[in-house]
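To start, the structure itself, in structure tokens.
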Amino acid sequence: MTNCFLLLSFFLISSCKLGGPPRSQANSKESARSLEGIGVDEKLGGKIDIHNLEFTDENGNKVKLSQYFDVKQPVILILGYYQCPKLCSLVFNGFSVSARSLEWSIGKEYKVLTISVNPKEGHELAKAKKHNYVKNYGRQSAKEGWHFLTGDEKNIKAIAQQVGFLYKYEPKIEQYAHAALLTFLTPQGKISRYLYGIDFKHNDLKIALLEAAEGTIGTVMEQLLLFCFHYNPDADSYSFTVFFMMQIAGALTLILLGGFLLKFWIKELRSKKNK
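Put into structure tokens, the structure is as follows:
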């Protein structure tokens, strides 16, 4: 029991991330999210219309988003476009690298929806992107769990508005300007978290999925991580909460002490019986 307590304490302490970036850095991130109508208007707790929004999958089939949502698996939504010359590829690649570090697999514990914001892109391009990223990811389950969708302007604008994804087309450079992020959705399509950037940390991705899953995936230890880490908006990351660690340590100390006392009392009772 002592060894379990020490291992648990070491695991939690070694996983913790104290503090965040300097305030000026946090402010610069905040500004970057809303530059001239480009960025993210967070809608945490909001719900996307999974029953009416319609897109085209990588095989050319018309699909409703509802077919990608069930009672158990959370969904990661990635908005961008497939012919993006730089940023989107960095987001896709960054997510793919981080996803490979998880023991959970796309298609088993969670799903991924990648939707193009460019209505001119067709399913052939989406199919090619899916082939490349599923191959790079290296797990067969991703074929059924990572979907690359295209759509018309009406549905694209609707999903973007519902998650607060602010983007616009720049005709001078013939590119879309947009933010770099992942949006985490519950199995019912409710927005639970946003993670920004192109480099997604293992723990941030893991805890955001646990949070989105609402307890439907993860081991007891992983649920404990969710209990001990809370999202820090200034750091755009999950930070360790010392208060909960103190509670856990206190509870484990009581259990440990109770175990020793129980062992002592049993020994005393046996000693009296033998006299």
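In this text, residue positions in the sequence shown follow the working numbering: the first is 864, and each later residue adds one. C-beta atoms are modelled at their ideal positions from N, C-alpha and C, and glycine is treated no differently.
Range covered by the alpha helix (DSSP H) that runs through residue i
| i | result |
| --- | --- |
| residue 996 | 986–1000 |
| residue 971 | No alpha helix (DSSP H) holds residue 971; DSSP gives it neither H nor E. |
| residue 1024 | 1016–1026 |
C-alpha distance - residue i paired with residue j, whole-angstrom precision
| i | j | result |
| --- | --- | --- |
| residue 1121 | residue 1129 | 12 Å |
| residue 908 | residue 934 | 17 Å |
| residue 956 | residue 993 | 12 Å |
| residue 962 | residue 1063 | 9 Å |
Pair within 9 Å by beta-carbon distance, residue i and residue j
| i | j | result |
| --- | --- | --- |
| residue 965 | residue 1065 | yes |
| residue 982 | residue 1016 | yes |
| residue 1008 | residue 975 | yes |
| residue 959 | residue 996 | yes |
| residue 918 | residue 1012 | yes |
| residue 1118 | residue 1029 | no |
| residue 1072 | residue 972 | yes |
Span of the beta strand (DSSP E), counted from its first residue to its last, around residue i
| i | result |
| --- | --- |
| residue 1193 | One cannot answer for residue 1193 here, as it falls past the ends of the chain, which runs 864 to 1138. |
| residue 1010 | 1009–1012 |
| residue 1063 | Where residue 1063 is concerned, there is no enclosing beta strand (DSSP E), given that its DSSP letter is neither H nor E. |
| residue 957 | Counting along the chain, residue 957 falls outside any beta strand (DSSP E), though it belongs to the alpha helix (DSSP H) covering 950–964. |
| residue 1031 | 1031–1033 |
| residue 941 | 938–943 |
| residue 901 | 901–903 |
| residue 932 | First-last for residue 932: undefined, no H or E at that position. |
| residue 853 | For residue 853 there is no data in the structure shown, the boundaries of the chain being 864 and 1138. |
Spatial neighbours of residue i in its chain, beta-carbon cut-off 7 Å, leaving aside the 5 residues before and after
| i | result |
| --- | --- |
| residue 1022 | 911, 916 and 978 |
Contacting residues, own chain, Cβ-Cβ under 6 Å from residue i (five flanking each side not counted)
| i | result |
| --- | --- |
| residue 1046 | 940, 1026 and 1057 |
| residue 928 | 913 and 916 |
| residue 1032 | 1039 |
Contact belief for residue i with residue j at Cβ below 8 Å, rounded distance in angstroms
| i | j | result |
| --- | --- | --- |
| residue 1043 | residue 954 | 5 Å |
Min CB distance residue i to chain B below 9 Å
| i | result |
| --- | --- |
| residue 913 | Included in the structure is just one protein chain, with no chain B present. |
Proximal residues to residue i (C-beta, below 8 Å), its chain only, five neighbours per side dropped
| i | result |
| --- | --- |
| residue 947 | 1038 and 1039 |
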